[in-house]
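Protein chains in written order, with my numbering: chain A, 1 to 446; chain B, 1001 to 1446.
In structure tokens form, the structure reads like this:
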């Protein structure tokens, strides 16, 4: 395992404007994070790449963006109102609160529940029986706070796809098999949030629901397993030795699932799930037909029959994916005494920094002109502050793949030096073809 | 005014998969909409263009993505807990509920409030006195529903920028003036939602907050007024005769504003606001300093002094912008008996459809190959269903700018016809340069 502690990444993220604690001036706000300029740009680049891989590269997959607020009956049909609970226990002595399942996991030797010590005050036998606590955030729509107007912040984006799938299929004239892909926020009132942006109360999901004829579900799941794993190495540049599949045993399966696999990444805190590939069968569609009273079967023209399609789901956490990309890119180049984010250039928030070697002799003007020429094509920065080495090292921490220096030779022969972030190798390139040369490096490098 | 009723646009949006009513199978859910495949793609294209115009074309503007959930004290400081209210009245007779200010607006002749007739049952003198109703959605974070854990869904994205502005400025080494741009959801518990996606309970804002030295605020506001108006014509292709400014008089100004202008678009239902340009002074930063106890002044190195910057805000509604783009693009070509969405090609959800003229003679295979070649570069569709005219007309309604037909000549000379959506003009283009030819049209056409 790479020697990267999570703390170092958290610290870099704050220092360079990737990720901040929410509401910091008010002492923070539990388990929510704000994404700074570089975090926002990197997150956008990852999500655009995912959306492209789904809806542009597959003719039969289309996008959707359903609301965070939906009809509350949807969450009865999905099972979230009844069964989306965490078991909570309190310590009668010190009033601390825990998730019962995690206390048990951490204390496997304690066969009898009540023997477990409270991790906070250390007393044994003081824990209450577990009570069920629903993880959905509840609010009220309309001016009266009564039960009729209750609504929930969605705990997953998938249901928004299911309730719309026939409208989408009809409007886009889709034939089975087809997929619907969605990126959006979801909310869970987690009791124990942890590991930075890995588990938070507000997060973003990227879910694709693939509708297939029953009987073709197992083949489809297998082909999505392969495609989704490849996405991480091919489209995000992540080291494939740090990726693996974990299959769910019978006891681990959710109530709707026939088969389930997690893609895990080896984070600084260990192997953890970044995406799930699930065979959700026809469970959800049947539930929605029952609760809405509307037909949820599809008419398959080719087979000339009506049925409930089976659904293969690929469900990824955008924030976790971002954390995997950051963890994977984090590199302490001890030889050169610098920290580098080895981001794939196509993902890097800033593509190039343009630096005049000195603040005089007209070099700043030339550098400014280069910035103006490059900026319609991709994000560049201008920097004239400090030694050239310091300027580069700043950009290395931001993941900027190219450093362009304007020196005295530039005024003579219209060439600049282009420095590569990872190798620190420098080339002289003519200004005439600079935009194209950089564009080629950004799109082909991997 | 163009003869476009809103109903026709709503109907096209549903038929072609731009926008659906939320939770339709459950009878709908008040004032929330779901964006279908084409609506999602068009909304993304608009927001990416906005983000590019801010953070890529301006070196001194950076992005941010703060949480929907924030510390509740932020909404005390901003004034939303105390003053973000609508006055509501009930009819004692039929129990209908209204916004008092709108009833008064619709009944200007009724000098005495209680004389107004209930629009629902027609009785006069039955309305209650107005009561204040807060527009923020409230929820609870953590397992106990008590006041300490109350949280709100943000009613605007701006405050997320203010509370983070010094963290962002420090991490990105920004010097005044600078801007922070954010795209994100906001929520308002509107009593009277209306005009399709124009006013909804869940919506997306695109806000840019520009921090300037006090004294430079009026010049900055004026230059942002110009730039933002140009955005609509130059970057979204909207007819500039349907855009205008409306200035706020003294009585219309919000509590934080020194000067305020609305960009209005002439929708089918009349001139209405799509963006506001506001001089918010140092009101918000001073409030946050008072409520958080933290310093919110900036140190201006150049001037060697500390002060509260003034803030010029450009605040646009993404959904309204989308509705303006759709309204502007909607064209009933009665001469040719078709409906066309004249979208700017760079915004169009699908760039081209590829059609074999007939389903035989190997033409489908050639068409499929063209799709495979084009799809890594932009979104294309394959269509072999129905007459070629019908196929084109379908795409016209979707706003697809180019139709590519593979015919028998293609097999002979490797050329295809490329049909332009608006003019219906057709050209023969060689397959060798097809990708580049289309890319050039997509990026330069306006």
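Cβ atoms here follow ideal geometry from the backbone N, Cα and C, with glycine treated the same way. Every value quoted in this text rests on a predicted model; they were computed, and no experiment measured them.
Comparing alpha-carbon positions, which option in the options lies nearest residue i?
i                      : options                        : result
residue 142 (chain A)  : B:1030, B:1223, B:1241         : B:1030
residue 244 (chain A)  : A:268, A:91, A:229             : A:229
residue 405 (chain A)  : A:383, A:423, A:398, A:422     : A:383
residue 377 (chain A)  : A:183, A:426, A:439, A:385     : A:439
residue 213 (chain A)  : A:33, A:179, A:237, A:100      : A:179
residue 432 (chain A)  : A:263, A:284, A:369            : A:369
residue 435 (chain A)  : A:307, A:373, A:101            : A:373
residue 1352 (chain B) : B:1402, B:1068, B:1118, B:1425 : B:1402
Are the C-beta atoms of residue i and some chain B residue less than 7 Å apart?
i                     : result
residue 338 (chain A) : no
residue 35 (chain A)  : yes
residue 71 (chain A)  : yes
residue 171 (chain A) : yes
residue 168 (chain A) : yes
residue 164 (chain A) : yes
residue 433 (chain A) : no
residue 20 (chain A)  : yes
residue 217 (chain A) : no
residue 157 (chain A) : no
residue 205 (chain A) : no
residue 287 (chain A) : no
residue 405 (chain A) : no
Can you find a C-beta in chain A that's less than 7 Å from the C-beta of residue i?
i                      : result
residue 1128 (chain B) : no
residue 1025 (chain B) : yes
residue 1040 (chain B) : yes
residue 1202 (chain B) : yes
residue 1319 (chain B) : no
residue 1233 (chain B) : no
residue 1132 (chain B) : no
residue 1090 (chain B) : no
residue 1001 (chain B) : Summary for residue 1001 (chain B): the model assigns pLDDT 39, below 50, so the residue's position carries little reliability; its value from the coordinates is reported in the next sentence. No, residue 1001 (chain B) does not count as interfacial toward chain A.
residue 1017 (chain B) : yes
residue 1062 (chain B) : yes
residue 1314 (chain B) : no
residue 1032 (chain B) : yes
residue 1443 (chain B) : no
Residue i to residue j, Cα distance in whole Å?
i                      : j                      : result
residue 1132 (chain B) : residue 1098 (chain B) : 12 Å
residue 136 (chain A)  : residue 187 (chain A)  : 7 Å
residue 1025 (chain B) : residue 1294 (chain B) : 49 Å
residue 89 (chain A)   : residue 191 (chain A)  : 11 Å
residue 380 (chain A)  : residue 332 (chain A)  : 24 Å
residue 206 (chain A)  : residue 315 (chain A)  : 6 Å
residue 411 (chain A)  : residue 360 (chain A)  : 12 Å
residue 174 (chain A)  : residue 167 (chain A)  : 10 Å
residue 1010 (chain B) : residue 1317 (chain B) : 18 Å
residue 1446 (chain B) : residue 1325 (chain B) : Unreliable placement is indicated for residue 1446 (chain B), whose pLDDT of 41 sits below 50; no coordinate value is reported for it.
residue 33 (chain A)   : residue 1058 (chain B) : 26 Å
residue 246 (chain A)  : residue 273 (chain A)  : 9 Å
residue 1430 (chain B) : residue 1362 (chain B) : 18 Å
residue 1240 (chain B) : residue 1284 (chain B) : 33 Å
Does residue i pass the burial test, meaning 16 or more other C-beta atoms within 10 Å, or should it be called exposed?
i                      : result
residue 18 (chain A)   : buried
residue 1358 (chain B) : exposed
residue 202 (chain A)  : buried
residue 1443 (chain B) : exposed
residue 1301 (chain B) : exposed
residue 114 (chain A)  : exposed
residue 1278 (chain B) : buried
residue 119 (chain A)  : exposed
residue 1094 (chain B) : exposed
residue 319 (chain A)  : buried
residue 1250 (chain B) : exposed
Report yes or no: do the region 188-201 of chain A and the region 214-234 of chain A share at least 3 C-beta pairs separated by less than 8 Å? Too few Cβ pairs lie closer than 8 Å, so no.
Is it true that the region 1159-1170 of chain B meets the region 1030-1046 of chain B, where meeting means three or more beta-carbon pairs spaced less than 8 Å apart? Segments in contact, no.
request  = Report yes or no: do three or more beta-carbon pairs, one from the region 1393-1406 of chain B and one from the region 1329-1340 of chain B, lie closer than 8 Å?
outcome  = Flag = yes, the region 1393-1406 of chain B and the region 1329-1340 of chain B touch.
Query raised in the report: Does the pairing of the region 33-44 of chain A with the region 1049-1067 of chain B give three or more beta-carbon distances under 8 Å?
Result: The region 33-44 of chain A is in contact with the region 1049-1067 of chain B.
Cβ pair count under 8 Å reaching 3, the region 1071-1083 of chain B against the region 1281-1294 of chain B: Enough Cβ pairs lie closer than 8 Å, so yes.
Exercise for review: Give a yes or no on contact between the region 1319-1332 of chain B and the region 1268-1278 of chain B, applying the rule of three or more CB pairs nearer than 8 Å.
Suggested key: Contact between the region 1319-1332 of chain B and the region 1268-1278 of chain B is present, because at least three Cβ pairs lie under 8 Å.
Is the region 123-130 of chain A in contact with the region 1115-1125 of chain B, if contact means three or more CB pairs nearer than 8 Å?
In this structure the region 123-130 of chain A does not lie against the region 1115-1125 of chain B, because fewer than three pairs of beta carbons, one per stretch, are closer than 8 Å.
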